[in-house]
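Each residue of the sequence shown is one higher than the one before, counting from 100 in our numbering.
Right, one structure below, let's go through it.
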Amino acid sequence: MHLRKKILLAEDDQDDQDFFHDFLHEREDIFLLPIASNGEELLDYLASTTELPDAIILDQNMPKLNGLQTLQLLKDTSRYSNITVMVYSTSTDDSLIKRSSLLGATLVVSKPSSYKGYQRMIDELIRHL
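In structure tokens:
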């Protein structure tokens, strides 16, 4: 029996939060931790828990702390620096990919536009765990 992978999501769009919640709860290989609506909430959650996630999914475009700012803080904190992080955005231009990679993101992807696209994105993330 394999353990379910714990995923923590930071996403400010309620529709995307709802979709992720429903989509990830259908998967038997994933346990979705509470969803943060921005990077600040994500960091507060991590500071308050003893059980860290296996992976974090960061939306790039969020208020307070965006994906790159949150990624920087995660990788600068020894307690979180080894957590697999995926940054995703509606626009993945070369500069976002380069900056995310330099900061330590495992994956940088475009937001999928279909259910199958989300499946592929999550499958890719799971392969890195």
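Just so it is clear, CB atoms sit at the ideal spot from N, CA and C, and this is done for glycine as well.
Just so you know, these numbers come straight off a predicted model, no measurement behind them.
Comparing alpha-carbon positions, which option in the options lies nearest residue i?
i    : options                   : result
F122 : L141, L228, Y214 and L206 : Y214
T148 : L132, R126, K174 and G138 : L132
N181 : T205, N165 and G138       : T205
L173 : I225, Q218 and L151       : L151
L102 : D117, Q113 and D128       : D128
A146 : D158, R198, T176 and L195 : T176
Q218 : L167, D158 and H124       : H124
S209 : S190, Q113 and Q171       : S190
Between which two residues does the beta strand (DSSP E) holding residue i run?
i    : result
L164 : First-last for L164: undefined, no H or E at that position.
T187 : Sequence check: residue 187 is Tyr here, not Thr. T183 to S188 is the span of the beta strand (DSSP E), which, as asked, contains Y187.
Among residues of its own chain, excluding the 5 on either side of residue i, which ones have a beta-carbon nearer than 6 angstroms to its beta-carbon?
i    : result
E223 : none
L108 : F119, I134 and I156
Could you round the C-beta distance between residue i and residue j to whole angstroms and report it? I think they count as a contact, below 8 angstroms.
i    : j    : result
N165 : G138 : 7 angstroms
Start and end of the alpha helix (DSSP H) containing residue i?
i    : result
S136 : It is not in any alpha helix (DSSP H) - S136 carries neither H nor E in the DSSP assignment.
I196 : D193 to L202
Buried or exposed for residue i, going by 16 or more other Cβ atoms inside 10 Å?
i    : result
S188 : buried
T169 : buried
D192 : exposed
Is residue i a contact residue of the ligand FMN, with contact defined as CB to any heavy atom under 7 angstroms?
i    : result
N165 : No copy of the ligand FMN appears in this structure; indeed no ligand is present at all.
Which same chain residues, not among the five before or five after residue i, have their C-beta less than 7 angstroms away from its C-beta?
i    : result
L228 : K104, D153, A154 and T183
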